[in-house]
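**Q** Listed in order, the protein sequences are those of chains F and E.
Take the first sequence: its letters are residues 1 to 287, numbered as in full-length UniProt numbering.
Take the second sequence: its letters are residues 1 to 287, numbered as in full-length UniProt numbering.
C-beta: ideal position from N, C-alpha, C; glycine also.
Protein chains: 2
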Amino acid sequence: MAVSYVHCVQPLRVSSKTRLFFSVGGRCREDRRKSNCLVFASAMNSDVSLNLQSKVEVLLDSVKWDDKGLAVAIAQNVDTGAILMQGFANRDALATTISSQKATFYSRSRSILWTKGETSKNFINVHDIFLDCDRDSIIYLGKPDGPTCHTGSETCYYTSIFDHLKDQEVEGNRLALTTLYSLESTISQRKEELAAPENGKPSWTQRLLLDDNLLCSKIREEADELCRTLEENEDKSRTASEMADVMYHAMVLLTLKNVKTEEVLEVLRQRFSKSGIEEKRSRKALN
Amino acid sequence: MAVSYVHCVQPLRVSSKTRLFFSVGGRCREDRRKSNCLVFASAMNSDVSLNLQSKVEVLLDSVKWDDKGLAVAIAQNVDTGAILMQGFANRDALATTISSQKATFYSRSRSILWTKGETSKNFINVHDIFLDCDRDSIIYLGKPDGPTCHTGSETCYYTSIFDHLKDQEVEGNRLALTTLYSLESTISQRKEELAAPENGKPSWTQRLLLDDNLLCSKIREEADELCRTLEENEDKSRTASEMADVMYHAMVLLTLKNVKTEEVLEVLRQRFSKSGIEEKRSRKALN
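#1: Decide if the region 111 to 121 of chain F is in contact with the region 144 to 160 of chain E; the criterion is three or more beta carbon pairs, one per stretch, under 8 Å apart.
#2: Over what stretch of residues does the alpha helix (DSSP H) that includes Asp-245/E continue unbroken?
#3: Look at Lys-218/E and His-249/E and say whether their C-beta atoms are less than 8 Å apart.
#4: Among Thr-229/F, Lys-64/F, Glu-262/F, which residue has its Cα nearest to the Cα of Leu-183/F?
#5: Let's see if you can read the secondary structure: which residues bound the beta strand (DSSP E) around Asp-132/E?
#6: Taking 8 Å as the limit between beta carbons, can you name the residues of its chain near Arg-32/E, skipping five residues before and five after?
#7: Starting from Leu-180/F, find everything on chain E with Cβ-Cβ shorter than 7 Å and list it in chain order.
#8: How would you label Glu-222/E, buried or exposed, when you count the other beta carbons within 10 angstroms and need 16 or more for buried?
#9: Please name the residue, chosen from Gln-206/E, Arg-271/E, Ser-99/E, that lies closest to Ala-195/E on a Cα-to-Cα basis.
#10: What are the boundary residues of the beta strand (DSSP E) that Thr-159/E is part of?
#11: Can you give the Cα-Cα distance for Asn-77/E and His-127/E, rounded to whole angstroms?
#12: Would a check of beta-carbon distances place Leu-268/F closer than 8 Å to chain E?
#13: Give me the chain F residues within the contact set of Ala-240/E, using Cβ-Cβ distance strictly less than 7 Å, ordered along the chain.
#14: Helix or strand or just coil, what does DSSP make of Ala-196/F?
#15: To the nearest angstrom, how far is it from the Cα of Gln-270/F to the Cα of Lys-260/F?
#16: Quick one: does Glu-231/F have its CB under 8 Å from some CB of chain E?
#17: So, does the region 52 to 59 of chain E touch the region 68 to 86 of chain E, judging by three or more C-beta pairs under 8 Å?
#18: Could you tell me which chain E residues have their CB closer than 9 Å to the CB of Lys-236/F, listed as they occur along the chain?
#19: Measuring only the C-alpha atoms, how far is Ile-129/F from Trp-65/F?
#20: In chain F, which residues lie less than 8 Å from Gln-86/E when you measure between Cβ atoms?
#21: With DSSP as the reference, label Lys-143/E as helix, strand or coil.
#22: Quick check on the DSSP output: the beta strand (DSSP E) that includes Leu-113/E runs from which residue to which?
#23: By the DSSP assignment, the beta strand (DSSP E) with Thr-104/E in it spans what residues?
#24: Report the three-state DSSP secondary structure of Val-72/E (helix, strand or coil).
#25: Measure the CB-CB distance between Gln-53/F and Asp-132/E and report whether it falls below 8 Å.
#26: Using a Cβ cut-off of 9 Å, which residues of the region 149 to 168 of chain F contact any Cβ in chain E, in chain order?
#27: Along chain E, in chain order, which residues have C-beta atoms closer than 9 Å to that of Arg-110/F?
#28: Over the uninterrupted alpha helix (DSSP H) stretch that includes Gln-206/F, give me the two end residues.
#29: Here's a check: name, in chain order, each residue in its chain whose Cβ is nearer than 7 Å to the Cβ of Ser-185/F, leaving out the five neighbours to either side.
#30: When you compare the CB of Asp-79/F with every CB in chain E, is at least one pair closer than 8 Å?
#31: Around the C-beta of Val-246/F, are 16 or more other C-beta atoms found within 10 angstroms, so that it is buried, or is it exposed?
#32: Looking at the unbroken alpha helix (DSSP H) that takes in Leu-84/F, where does it start and where does it end?
#33: Taking just the CA atoms, how far does Lys-166/E sit from Met-44/F?
#34: Does any C-beta atom of chain E lie closer than 8 Å to the C-beta of Asp-145/F?
#35: Hey, how far is the Cα of Leu-208/F from the Cα of Gly-81/E?
#36: Going along chain F, which residues have a C-beta under 8 Å from Lys-55/E?
Written out as structure tokens, the structure is:
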């Protein structure tokens, strides 16, 4: 049976008041594909459970599965936005992902469901699932437990076509990084180069990395300049520029402290999902 | 002819020294699919041009096209990481995207190539293209000229399955947002709520939005606390927490000034791609 290895009972917190439990594996109706479907069990309110089951069925029916019963499923890191991998989901794979909150796909080559991480333990913990406007493409927005790619790479996308077309071969692989993580990667590279300095003056980033006083004075200065764009009613482009300065210098400090931008974003997300940053700040301000 | 409407001659800057021009439409060989392929023209160096043409051919050959000659192509915002849309590319679509640097797909329903934006003018300007480890999935990493979805939405992914499964219907659509943009969205919402205040005390975010002095004193304070994690050798978790504070408060200021995080990231990216933030900083520091 395709879904037999799916972890059976995991909570899906669908509201702050009702805690429902799903399990996967029961055969609840004979549909065209003879597929398994979700069985819902709630110790609290069977009406709510039935309602939820019905909603999931309607939702699964609404997906525009292709002629092979598949839709594209893209796993994305909820904090960094990195596209981790792309596979395909059939009805069972999506149902399983909804219930288990572990990114699950349908393997076209092996004709079975597979949950990313079932072998490596590098699960992708799904926080939300999105359908596109045509309802034939799915995002699993989640947090990976470790590298997603079977090669050990953080994501499966590490082959740049434009690097390949450059005259000179690029050393090593380069992940598909968006701006913030590309900057982080560059700063880390400058830090590594300090261990084996080449001839010539150190770069500005390296000077900051080598001099805590200089770095901290720049961070305080840039934060002050950012504030002054509000206090002195400077234009928007000035605000964007000063905020860029704050972020760059603060990211040099993060690199020095071996803190990843992803860790900072995780802090922000956890504050939201626990009691909300506002509540926390509010409490802090009242004390 | 499938590619007749593709903009003909656009530069692909493959290195800082050599500027090559591609045009699309020439028939350079009779392959199994009778597809068109790239014709390269360079006024500077025909050897380099031929070499590049050969590299593109090898690269296109290396993609694992499926039984319909397609691979999944995902367009992603280079600054925010937002997944804008997902389509399919065939050999011609990928070749056209490489040459035009506009995200181009193969429409399965219409059996033609189409460049996103050819009607709406909301092109996706491709900065790099990545293949996954299996070479059957492609990321077009680029900057959209405007909303990508035909509905006018910023991205095509605005239907949350978990919202749908909640007991209460969610008002409006919610984009698939990663942590930073989810925070930005929440702060913007608090700002909008100020126009129609409900009963009860304003939230902490709203207090910051209403009081420039309070906001600026918090930004300076949090920047100082971030610096002190380095100066006083505090642990990594403290650094991540203080950086989260800096980012949250600075983002409230951005919201007040109607500056998007994406604009800040664009500034950072442009500094890199022009002369490098380091060079700019270095010049500033030397003056």
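**A** Straight from the coordinates:
#1: Verdict: no, contact absent.
#2: Here the question's residue 245/E lines up with position 245 in the second sequence. Here the alpha helix (DSSP H) through Asp-245/E covers 236 to 256.
#3: Within the second sequence, residue 218/E is the residue found at index 218, counting from 1. Within the second sequence, residue 249/E is the residue found at index 249, counting from 1. Their beta carbons are under 8 Å apart, which means Lys-218/E touches His-249/E by this criterion.
#4: Position 183 of the first sequence holds residue 183/F. Selected option, being the one with the closest Cα: Glu-262/F.
#5: Counting from 1 along the second sequence, the entry for residue 132/E is found at position 132. Where Asp-132/E is concerned, the enclosing beta strand (DSSP E) stretches over 124 to 132.
#6: Working through the second sequence from its first residue, we reach residue 32/E at position 32. Annotation note: pLDDT 34 at Arg-32/E (below 50); position unreliable, coordinate value reported separately. So no residue of the chain qualifies.
#7: Looking up residue 180/F in the first sequence gives position 180. Result: Leu-265.
#8: Locating residue 222/E in the second sequence gives position 222, where the first residue counts as 1. Glu-222/E comes out buried.
#9: For the purposes of this step, residue 195/E is taken as residue 195 along the second sequence, with counting starting at 1. Ala-195/E has its Cα closest to that of Gln-206/E, out of Gln-206/E, Arg-271/E, Ser-99/E.
#10: In the second sequence, the residue the question calls residue 159/E occupies position 159. Looking at the DSSP string, the run of the beta strand (DSSP E) that includes Thr-159/E is 157 to 160.
#11: Start at 1 with the first residue of the second sequence, and residue 77/E comes out as number 77. Start at 1 with the first residue of the second sequence, and residue 127/E comes out as number 127. Cα-Cα distance, rounded: 10 Å.
#12: Here residue 268/F is taken as the residue at index 268 of the first sequence, counted from 1. At least one chain E Cβ lies under 8 Å of Leu-268/F.
#13: In the second sequence, the residue the question calls residue 240/E occupies position 240. Near Ala-240/E (Cβ distances below 7 Å), the residues of chain F are Val-259, Glu-263, Val-264, Val-267.
#14: The residue you call residue 196/F lines up with position 196 of the first sequence. Collapsing the DSSP output to three states places Ala-196/F in coil.
#15: Against the first sequence, residue 270/F aligns to sequence position 270. Against the first sequence, residue 260/F aligns to sequence position 260. One C-alpha to the other measures close to 16 Å.
#16: In the first sequence, counting from the first residue as 1, residue 231/F sits at position 231. Contacts with chain E at 8 Å (Cβ-Cβ) include Glu-231/F.
#17: Contact between the region 52 to 59 of chain E and the region 68 to 86 of chain E is absent, with fewer than three C-beta pairs closer than 8 Å.
#18: Along the first sequence, one-based indexing puts residue 236/F at 236. The answer, in chain order, is Lys-257, Asn-258, Val-259, Glu-263.
#19: To locate residue 129/F, count along the first sequence from 1; it is residue 129. To locate residue 65/F, count along the first sequence from 1; it is residue 65. If I take the Cα positions, the gap works out to 16 Å.
#20: Here the question's residue 86/E lines up with position 86 in the second sequence. Neighbours of Gln-86/E on chain F, chain order: Val-72, Ile-74, Asp-132, Ser-137.
#21: Locating residue 143/E in the second sequence gives position 143, where the first residue counts as 1. Here Lys-143/E sits in strand by DSSP.
#22: As a first step, residue 113/E must be located in the second sequence, where it is residue number 113. Element bounds for Leu-113/E: 112 to 115.
#23: The count along the second sequence starts at 1 and reaches residue 104/E at position 104. Its beta strand (DSSP E) spans residues 104 to 107.
#24: In the second sequence, residue 72/E corresponds to position 72, counting from 1. In the structure shown, Val-72/E sits in a strand (DSSP, three-state: E or B).
#25: Taking the first sequence and counting its residues from 1, one reaches residue 53/F at position 53. Taking the second sequence and counting its residues from 1, one reaches residue 132/E at position 132. In terms of Cβ geometry, Gln-53/F and Asp-132/E do not form a close pair [threshold 8 Å].
#26: Those residues of the region 149 to 168 of chain F that come within reach of chain E (Cβ to Cβ, closer than 9 Å) are Cys-149, His-150, Thr-151, Ser-153, Thr-155, Cys-156, Tyr-157, Tyr-158, Thr-159, Ser-160, Ile-161, Phe-162, Asp-163, His-164, Leu-165, Lys-166, Asp-167, Gln-168.
#27: Counting from 1 along the first sequence, the entry for residue 110/F is found at position 110. Within chain E, no residue comes near Arg-110/F; the closest Cβ sits about 14 Å away, beyond 9 Å.
#28: Locating residue 206/F in the first sequence gives position 206, where the first residue counts as 1. For Gln-206/F, the enclosing alpha helix (DSSP H) has its first and last residue at 204 to 210.
#29: Position 185 of the first sequence holds residue 185/F. Scanning its chain for C-beta atoms nearer than 7 Å, with the 5 sequence neighbours on each side dropped, one finds around Ser-185/F the residues Leu-177, in chain order.
#30: What you label residue 79/F is simply residue 79 of the first sequence in a count that begins at 1. Chain E, which has a Cβ nearer than 8 Å to the Cβ of Asp-79/F, makes this yes.
#31: Taking the first residue of the first sequence as position 1, residue 246/F is located at position 246. Val-246/F sits buried, since 16 or more C-beta atoms from the chains shown fall within 10 Å of its C-beta.
#32: Stepping through the first sequence from its first residue, residue 84/F is reached at position 84. Element bounds for Leu-84/F: not the alpha helix (DSSP H) but the beta strand (DSSP E), 83 to 89.
#33: To locate residue 44/F, count along the first sequence from 1; it is residue 44. To locate residue 166/E, count along the second sequence from 1; it is residue 166. The predicted position of Met-44/F is uncertain, since its pLDDT is 45 and thus under 50; a value taken from the coordinates is nonetheless stated next. For the pair Met-44/F and Lys-166/E, the Cα-to-Cα distance works out to about 16 Å.
#34: Locating residue 145/F in the first sequence gives position 145, where the first residue counts as 1. Interface residue (Cβ-Cβ distance to chain E less than 8 Å): Asp-145/F is not classified as such.
#35: Taking the first sequence and counting its residues from 1, one reaches residue 208/F at position 208. Taking the second sequence and counting its residues from 1, one reaches residue 81/E at position 81. In a straight line, the C-alpha of Leu-208/F is about 28 Å away from that of Gly-81/E.
#36: Residue mapping note: residue 55/E aligns to position 55 of the second sequence, counting from 1. What Lys-55/E touches in chain F: His-164, Leu-165.
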